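Student: Below is the structure I would like to discuss, written out as structure tokens.
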Amino acid sequence: MKSLGVLKMAAVRTVVLSAMCMLGACAVSREDRLRAKADRIGDKLTDEREQVIEKAEFAEARDQQLAHLTTLRTTLSAVNIGLGSTRYLPEQDRELAYDVIEEAYDTIEWNIPYVSLGMQKPMPAQFQNGVLRLGR
Numbered sequence: 002m003k004s005l006g007v008l009k010m011a012a013v014r015t016v017v018l019s020a021m022c023m024l025g026a027c028a029v030s031r032e033d034r035l036r037a038k039a040d041r042i043g044d045k046l047t048d049e050r051e052q053v054i055e056k057a058e059f060a061e062a063r064d065q066q067l068a069h070l071t072t073l074r075t076t077l078s079a080v081n082i083g084l085g086s087t088r089y090l091p092e093q094d095r096e097l098a099y100d101v102i103e104e105a106y107d108t109i110e111w112n113i114p115y116v117s118l119g120m121q122k123p124m125p126a127q128f129q130n131g132v133l134r135l136g137r
């Protein structure tokens, strides 16, 4: 009977140690989280585009919505390039760059539903015209 208790205790320890090792291995960098966010936003843009094409009630409205989504897709690509370039920044600038990039992703996501251009949320000041500018 005692040996059964020892075996159970050893099994519990093994499970706990394995779980601790897996948790350490599951640590995800901020860059990885931002890449996942970019992928999710890209998927949202694709879904929205498909919905606009399916509805297609008025060609003019559809064309405006598709142009809007194309602009957002282009902006997403520019932000993704900015994210890829952060590894070349000095370490002290990376967190600021990640903050700006995250805000840019949030802005793109916010602007996915088409509303009049006056109602669109502007890109962060540090990310204008498709360029990441820190310290300005």
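According to my numbering, the sequence shown is numbered sequentially starting from 2. Ideal Cβ placement from N, Cα and C applies to all residues, glycine included. Note that the structure is predicted; figures quoted are calculated from it, not measured.
1) If you reduce the DSSP assignment to three classes, tell me which class L135 lands in.
2) Measuring straight from C-alpha to C-alpha, what distance separates Q121 and P114?
3) Could you name the residues that DSSP lists as bridge partners for F59?
4) In angstroms with no decimal places, state the Cα-to-Cα distance between A128 and L73.
5) When we look at the beta-carbon of V29 and count the other beta-carbons within 10 Å, is it buried (16 or more) or exposed?
6) Do A39 and N81 have their C-beta atoms closer together than 9 Å?
7) Enumerate, from N- to C-terminal direction, the unbroken alpha helix (DSSP H) stretches of 4 or more residues contained entirely within the region 29-79.
8) Is it right to say T75 is buried, meaning 16 or more other beta carbons lie within 10 angstroms of its own, or is it exposed?
9) Using the Cα positions of P91 and L133, report the straight-line distance between them to the nearest angstrom.
10) Nearest-angstrom Cα distance between Q93 and E49?
11) When burial is assigned at 16 or more other CB atoms within 10 Å of the CB, is Y106 buried or exposed?
12) Compute the Euclidean distance between the alpha carbons of L67 and L135, then round it to the nearest angstrom.
13) Considering only the alpha carbon of each residue, which of Y99, A79, L70 and I102 lies closest to V116?
Tutor: So, to answer that:
1) In the structure shown, L135 falls within a coil segment according to DSSP collapsed to helix, strand and coil.
2) Approximately 9 Å between the Cα atoms of the pair.
3) As computed with DSSP, F59 is found in no beta bridge at all.
4) The residue asked about is misnamed: residue 128 is Phe in this sequence, not Ala. The straight-line gap from Cα to Cα measures roughly 13 Å.
5) Result: exposed.
6) With respect to the 9 Å criterion, A39 and N81 are classified as neighbours on the basis of their beta carbons.
7) Counting whole runs of 4 or more residues, the region 29-79 contains the alpha helix (DSSP H) stretches 31-56.
8) With fewer than 16 other CB atoms across the displayed protein chains lying within 10 angstroms of its CB, T75 is exposed.
9) About 14 Å.
10) Near 37 Å, if we compare the C-alpha coordinates of E49 and Q93.
11) Per the 10 Å Cβ criterion, buried.
12) Cα to Cα, the separation comes out at about 31 Å.
13) Nearest option by C-alpha distance: L70.
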